[in-house]
Amino acid sequence: RERGSKSFNFAAYHTLETIYQWMDSLVADHPSLVTKLQIGSSYENRPMYVLKFSTGGDNRPAIWIDAGIHAREWVSQATGVWTANKIATDYGRDTSLTSLLNKMDVFLMIVTNPDGYVFTHTSNRMWRKTRSRLPGTTCRGVDPNRNWDAGFGGPGASRNPCSDSYHGPSPHSEVEVDNVVNFVQSHGNFKSFISIHAYSQLLMYPYGYSCNDVPDAPELDSVGRSAVKALSTLFGTSYKVGSICKIIYQASGGSIDWSYNLGIKYSFAFELRDTGRYGFLLPANQIVPTASETWLALKNIMEYVRDHPY
Amino acid sequence: RQLFVGDQVLRVAVETEEQLRLLASLEEDEILQLDFWLHPVSSDLPVDIRVPFASLQTVKVFLESNDIPYTVMIKDVQDLLDEEEAEMEADSV
């Protein structure tokens, strides 16, 4: 029953297989708007898919959104599913989103770490990293958000392969990271890069590897504050806004530091609703409220990006 | 499947730089197998640590003997996992 995109239960957590099947049904239901692209395969050879929302044009300016790079943050992937459906169904109904998609493309990756996600369903619900093997250690996996070429190996990442924040042997050593890097670089026209995590309610901008302000910090701060203001209108959820280093902790090798240094000015990372009382086990009945409030912030950022070309 | 029976998540309210330093030393102790959900970096932020059952006594004694305040945020991680799994099974039915 859940194979049809219209009867899918968005208020439940799903396996990778179900999510991938649902993506096909979304594409089938919205063939003129949504396509599914395979940007590579994971370490364990699972396909890595990106949903492309486009109304046409050639290499239009685009917005990148990824979810689920940390496997155990399940409400992130679930929000990705809900968001994909929201974009597809609101196009043509929501004037602002329609005008956005008439100018720009949106690329949404729902499960950025598919091996880790499967592992959280089958073996260890608290798994965060990839599942790659390294010579010389029995511990597996690299923190894929410490593996980007941005202050790689600096403070806030571990050299210990058994640590949950292990940065890996070299920048982009993880094929999952490398696939995204290659895709974003070869596209060449991304104007915004948004990464969705889930713990402790934050909206962050670069840098994480350094506590120095980025040149665009005042603008990013203002965009972030406007986004969380929109988010909080739905349920009053409170978010903190700031640079990664200043509002959470110094963390090197993160994706949005890499994207910002690549020239993608509007780089943000969300930490979705999760007070910690449930850890990474946010009850399923909070998926839709979380995704709904996050959508208001995402839309706010995307509208700003649309209206401020550079 | 890995079980987390008796694992707790502690929320530590760090008050001084010295306490931060002490917590950072815990983080480096591989034998304790601690999973830091929020790392010790600032006295403005709490520190969340999933502590395996086998390390609970050591960690709590360490915190108490250093006058570092904490609360038990999640009493038994496995209970939550079981609840979640039951919920998922109910959904799939």
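So the sequences go chain by chain: A and B.
Every letter in the first sequence is one number past the one before it in my numbering, and letter 12, counting from 1, is 12.
Just add 1000 to wherever you are in the second sequence, counting from 1, and you've got my numbering.
For every residue, glycine included, the Cβ atom is placed at its ideal position computed from N, Cα and C.
Residue i - DSSP class collapsed to helix/strand/coil
i               : result
N9 (chain A)    : coil
R1 (chain A)    : Legend: pLDDT at R1 (chain A) = 43, less than 50; position of this residue unreliable, value from coordinates given subsequently. In this structure, R1 (chain A) counts as coil in the three-state DSSP scheme.
Q38 (chain A)   : strand
Q325 (chain A)  : Only positions 1 to 310 of chain A appear in this structure, which leaves residue 325 (chain A) out of reach.
L272 (chain A)  : coil
Q1008 (chain B) : strand
R29 (chain A)   : Looking at the sequence provided, one finds Asp at residue 29 (chain A) rather than Arg. Of the three classes helix, strand and coil, the one that applies to D29 (chain A) here is helix, per DSSP.
S1092 (chain B) : helix
M23 (chain A)   : helix
K86 (chain A)   : helix
L298 (chain A)  : helix
S243 (chain A)  : strand
D66 (chain A)   : strand
D105 (chain A)  : strand
V1047 (chain B) : strand
P114 (chain A)  : helix
S54 (chain A)   : coil
L16 (chain A)   : helix
F1036 (chain B) : strand
P289 (chain A)  : helix
S267 (chain A)  : strand
Y49 (chain A)   : strand
F119 (chain A)  : helix
R60 (chain A)   : coil
Q1019 (chain B) : helix
L97 (chain A)   : helix
T79 (chain A)   : helix
V305 (chain A)  : helix
A71 (chain A)   : coil
Y260 (chain A)  : helix
S1042 (chain B) : coil
A284 (chain A)  : helix
S238 (chain A)  : coil
E44 (chain A)   : coil
Chain C contact residues for residue i, given Cβ-Cβ distances below 9 Å
i               : result
L1038 (chain B) : Here chain C cannot be found, since the structure's protein chains are A and B.
Whole-number beta carbon distance between residue j and residue i, since they are thought to touch under 8 Å
i               : j               : result
L313 (chain A)  : E293 (chain A)  : Nothing about residue 313 (chain A) can be read from this structure; chain A reaches only from 1 to 310.
K265 (chain A)  : D221 (chain A)  : Not quite, the Cβ-Cβ distance comes to about 13 Å (not below 8 Å), so this is no contact.
I143 (chain A)  : R128 (chain A)  : Going by the sequence as given, residue 143 (chain A) is Asp instead of Ile. Confirmed, Cβ separation roughly 7 Å.
S267 (chain A)  : F193 (chain A)  : 5 Å
L282 (chain A)  : V75 (chain A)   : 5 Å
A71 (chain A)   : I287 (chain A)  : Actually they do not touch by this definition, with Cβ atoms about 17 Å apart.
V1077 (chain B) : D1007 (chain B) : 4 Å
K299 (chain A)  : L97 (chain A)   : 7 Å
G151 (chain A)  : R1011 (chain B) : That belief does not hold up - the Cβ atoms of G151 (chain A) and R1011 (chain B) are roughly 29 Å apart, past 8 Å.
G208 (chain A)  : I247 (chain A)  : That belief does not hold up - the Cβ atoms of G208 (chain A) and I247 (chain A) are roughly 10 Å apart, past 8 Å.
Residue i and residue j closer than 9 Å at C-beta
i               : j               : result
A67 (chain A)   : S165 (chain A)  : no
W22 (chain A)   : H30 (chain A)   : no
V1059 (chain B) : L1080 (chain B) : no
F53 (chain A)   : I87 (chain A)   : yes
T55 (chain A)   : L33 (chain A)   : yes
K291 (chain A)  : E1087 (chain B) : The displayed chain sequence assigns Ala, not Lys, to residue 291 (chain A). Result no, Cβ atoms of A291 (chain A) and E1087 (chain B) do not sit closer than 9 Å.
G156 (chain A)  : Y249 (chain A)  : yes
D105 (chain A)  : R140 (chain A)  : no
S232 (chain A)  : S195 (chain A)  : no
V958 (chain B)  : M1073 (chain B) : Because residue 958 (chain B) is not part of the residues shown, which for chain B are 1001 to 1093, the question remains open.
Q242 (chain A)  : Y199 (chain A)  : Looking at the sequence provided, one finds Gly at residue 242 (chain A) rather than Gln. Their beta carbons are not under 9 Å apart, which means G242 (chain A) does not touch Y199 (chain A) by this criterion.
W148 (chain A)  : W258 (chain A)  : yes
L16 (chain A)   : K36 (chain A)   : no
G168 (chain A)  : S226 (chain A)  : no
V223 (chain A)  : Y260 (chain A)  : no
P171 (chain A)  : L134 (chain A)  : no
Original post:
Touch check for the segment 230-249 of chain A and the segment 175-188 of chain A: three-plus C-beta pairs under 8 Å?
Top reply: no
*Enumerate, from N- to C-terminal direction, the unbroken beta strand (DSSP E) stretches of 3 or more residues contained entirely within the segment 122-193 of chain A.*
none
Taking one C-beta from the segment 1051-1065 of chain B and one from the segment 1025-1034 of chain B each time, how about it: are there three or more such pairs within less than 8 Å?
yes
Any contact between the segment 77-86 of chain A and the segment 36-50 of chain A? By contact I mean 3 or more CB pairs, one from each, below 8 Å. no
So, does the segment 106-123 of chain A touch the segment 41-57 of chain A, judging by three or more C-beta pairs under 8 Å? yes
Three or more beta-carbon pairs under 8 Å between the segment 292-307 of chain A and the segment 1040-1047 of chain B, yes or no? no
Can we say the segment 1059-1073 of chain B touches the segment 1010-1027 of chain B, given the rule of at least three CB pairs closer than 8 Å?
yes
**OP:** Jot down the residue ranges of each uninterrupted alpha helix (DSSP H) in the segment 1049-1080 of chain B, minimum 4 residues, whole runs only, in chain order.
**Re:** 1053-1065
If you scan the segment 192-235 of chain A from start to end, which runs of the alpha helix (DSSP H) of 4 or more residues do you find wholly inside it? 217-235
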